[in-house]
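Each number in the working numbering comes from the position in the sequence shown (counting from 1) with 459 added on.
Don't be surprised by glycine CBs; every beta carbon is placed ideally from N, CA and C.
Model, not experiment: these values are computed from the prediction.
A short write-up of the structure that comes next.
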Amino acid sequence: MTVRKDHALRGDITVGSPLKKILWFAVPLFIGNIFQQVYNLADTAIAGYTLGDNAIAAIGATSSLYSLLVDFASGMNSGFGIVTAQSFGAKNWGKVRRSIAAMLVLNLALAAVLTAGSLVALRPLMAAMEVPAAIFEDAYAYIFVIFAGLLATVCYNMFAGILRAFGNSRTPLYVLVAACVVNLVLDVLFMVQFQWGVAGAAAATVIAQAFSAVLCGLYLWRVYPHLLPRRGDFRLEGPLVKEMWSTGSAMALMLCVVDLGSVLYQKGINGLGQQLIVAHTAARKLIGMLMMPLGSVATAYSTFVGQNFGAGKME
Numbered sequence: 460m461t462v463r464k465d466h467a468l469r470g471d472i473t474v475g476s477p478l479k480k481i482l483w484f485a486v487p488l489f490i491g492n493i494f495q496q497v498y499n500l501a502d503t504a505i506a507g508y509t510l511g512d513n514a515i516a517a518i519g520a521t522s523s524l525y526s527l528l529v530d531f532a533s534g535m536n537s538g539f540g541i542v543t544a545q546s547f548g549a550k551n552w553g554k555v556r557r558s559i560a561a562m563l564v565l566n567l568a569l570a571a572v573l574t575a576g577s578l579v580a581l582r583p584l585m586a587a588m589e590v591p592a593a594i595f596e597d598a599y600a601y602i603f604v605i606f607a608g609l610l611a612t613v614c615y616n617m618f619a620g621i622l623r624a625f626g627n628s629r630t631p632l633y634v635l636v637a638a639c640v641v642n643l644v645l646d647v648l649f650m651v652q653f654q655w656g657v658a659g660a661a662a663a664t665v666i667a668q669a670f671s672a673v674l675c676g677l678y679l680w681r682v683y684p685h686l687l688p689r690r691g692d693f694r695l696e697g698p699l700v701k702e703m704w705s706t707g708s709a710m711a712l713m714l715c716v717v718d719l720g721s722v723l724y725q726k727g728i729n730g731l732g733q734q735l736i737v738a739h740t741a742a743r744k745l746i747g748m749l750m751m752p753l754g755s756v757a758t759a760y761s762t763f764v765g766q767n768f769g770a771g772k773m774e
């Protein structure tokens with residue numbers, strides 16, 4: 460069956476000037492990553508304004524754990540997307556569909572393992588990180604809700620990864636802008652109106668992530684129906700799963716090296732008291748934003764190389 464070329468080939472980045480294509484692809488990624496940081500900034504700013512410094516400390520005391528799991532899921536999907544991008548560049552629509560089917564299965568398994576494992580080990584991990592007793596329960600309430608909603612985060616990263624593999628970095632940006640507005644409204648509603656405390660901030664983030672996942676999924680279904688898997692595509696082939704797991708785990712581990720160091724560093728910060736936790740939380744948000752340009756360009760490179768590799772355009 461033929462693919463709707465008006466949509467499928469619109470994201471083809473195997474033709475034209477490489478520099479222009481990479482920059483055209485990277486700029487929306489950068490803006491989108493900034494909006495992802497706004498999620499966390501909104502939680503922190505509104506929580507600090509309405510609930511005080513203890514709330515900021517509670518959110519910040521476990522922020523490195525959150526980053527570790529989110530970056531792991533994001534890295535896995537970036538790696539999975541490389542295989543899809545290669546298949547897209549080769550115009551191998553059958554493998555595109557099979558790789559997406561494998562992504563769906565692997566991500567559901569990944570979300571189940573990460574959610575169950577993190578919730579079971581959460582209190583021991585927080586104790587090992589020396590979260591101060593004065594903010595322990597608030598920090599637990601916040602990160603528990605975040606971890607319970609990991610499926611939404613994983614699904615958004617998966618759908619956004621598929622769109623990027625198709626050369627579409629603009630739709631995830633538009634979705635994130637809308638989700639950011641939802642997050643801000645829910646922050647005020649949950650923390651100010653309903654007085655749910657830091658758990659309300661976490662709930663707002665999870666719902667906004669779920670909203671962005673649903674929008675991206677609907678867009679894929681409406682615009683790229685012929686590139687989505689059919690029933691027979693879910694008969695997973697060993698070599699394909701091995702290839703995707705290899706690229707996914709490599710990307711995830713690369714991202715998590717820094718995050719593992721951050722977890723150990725956060726333990727040291729937690730032992731210095733709530734004021735320094737608050738200061739470190741604010742600084743961490745700014746550092747994250749400053750790192751965004753490098754990450755955006757790196758993602759653009761991986762998609763560009765993936766599509767051209769698949770197309771056999773080694774030059």
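Distance between beta carbons of residue j and residue i, contact taken as under 8 angstroms
{"i": "Phe625", "j": "Phe693", "result": "20 angstroms between Cβ atoms; not a contact."}
{"i": "Leu632", "j": "Ile490", "result": "6 angstroms"}
{"i": "Ala619", "j": "Phe670", "result": "About 13 angstroms; that fails the 8 angstroms criterion."}
{"i": "Tyr599", "j": "Leu581", "result": "7 angstroms"}
{"i": "Gly656", "j": "Asp597", "result": "7 angstroms"}
{"i": "Ser577", "j": "Arg743", "result": "That belief does not hold up - the Cβ atoms of Ser577 and Arg743 are roughly 20 angstroms apart, past 8 angstroms."}
{"i": "Pro591", "j": "Asn729", "result": "6 angstroms"}
{"i": "Leu573", "j": "Leu528", "result": "6 angstroms"}
{"i": "Val647", "j": "Ile505", "result": "7 angstroms"}
{"i": "Met588", "j": "Lys726", "result": "5 angstroms"}
{"i": "Leu714", "j": "Asp530", "result": "4 angstroms"}
{"i": "Thr630", "j": "Tyr683", "result": "About 10 angstroms separates the two Cβ atoms, so there is no contact after all."}
Residues near residue i by beta carbon distance below 8 angstroms, same chain, minus five either side
{"i": "Ala570", "result": "Ala532, Leu609, Leu610, Val613 and Cys614"}
{"i": "Glu696", "result": "Arg557"}
{"i": "Ile559", "result": "Thr543, Ile621, Leu686, Leu687, Pro688 and Asp692"}
{"i": "Lys464", "result": "Note that Lys464 scores a pLDDT of 49, beneath 50, so its modelled location is shaky; the value from the coordinates is reported in the next line. Same-chain partners within the cutoff: there are none."}
{"i": "Ile605", "result": "Tyr525, Ala661, Thr664 and Val665"}
{"i": "Leu735", "result": "Ile728"}
{"i": "Ala549", "result": "Gly769, Ala770 and Gly771"}
{"i": "Leu719", "result": "Leu527"}
{"i": "Pro752", "result": "Phe489"}
Backbone secondary structure at residue i - three-state DSSP
{"i": "Gln652", "result": "helix"}
{"i": "Arg623", "result": "helix"}
{"i": "Arg689", "result": "coil"}
{"i": "Gly659", "result": "helix"}
{"i": "Pro631", "result": "helix"}
{"i": "Met588", "result": "coil"}
{"i": "Leu731", "result": "coil"}
{"i": "Met748", "result": "helix"}
{"i": "Ala770", "result": "coil"}
{"i": "Leu804", "result": "The requested residue 804 is not part of the displayed model; the chain covers only 460 to 774."}
{"i": "Lys554", "result": "helix"}
{"i": "Ser476", "result": "coil"}
{"i": "Tyr683", "result": "coil"}
{"i": "Glu702", "result": "helix"}
{"i": "Asp718", "result": "helix"}
{"i": "Arg694", "result": "coil"}
{"i": "Thr521", "result": "coil"}
{"i": "Ala549", "result": "coil"}
{"i": "Gly470", "result": "coil"}
{"i": "Gly754", "result": "helix"}
{"i": "Gly491", "result": "helix"}
{"i": "Gly608", "result": "coil"}
{"i": "Gly511", "result": "coil"}
Same chain only: Cβ atoms within 6 angstroms of residue i, ignoring 5 sequence neighbours per side
{"i": "Ala544", "result": "Ala624, Thr762, Gly765 and Gln766"}
{"i": "Ser721", "result": "Ser523"}
{"i": "Gly553", "result": "none"}
{"i": "Met710", "result": "Gly534, Ser537 and Gly538"}
{"i": "Met773", "result": "none"}
Close beta carbons around residue i, own chain, < 7 angstroms, minus the five adjacent residues each side
{"i": "Ile594", "result": "Asn513, Ala516, Ala517, Ala520 and Gln733"}
{"i": "Ile541", "result": "Thr706, Ser761 and Gly765"}
{"i": "Ser628", "result": "Phe484, Pro487 and Leu488"}
{"i": "Gly659", "result": "Phe649, Met650 and Phe653"}
{"i": "Gly507", "result": "Ala514 and Ile515"}
{"i": "Ala672", "result": "Ala611, Cys614, Tyr615 and Phe618"}
{"i": "Ala635", "result": "At residue 635 the sequence reads Leu, which differs from the Ala that was named. Cβ neighbours of Leu635 beyond the five flanking positions: Gly491, Phe494, Gln495 and Ser671."}
{"i": "Gly470", "result": "Phe625, Gly626 and Asn627"}
{"i": "Met748", "result": "Ile493 and Gln496"}
{"i": "His739", "result": "Gly519 and Ile728"}
{"i": "Thr473", "result": "Gly548, Gln766, Asn767, Ala770 and Lys772"}
Legend entry - Any 3 or more C-beta pairs closer than 8 angstroms across the region 522–541 and the region 700–712: yes
Inset, instruction - Examine the Cβ distances between the region 753–761 and the region 480–498 and report whether three or more of them are shorter than 8 angstroms. - result: At 8 angstroms Cβ cutoff, the stretches touch.
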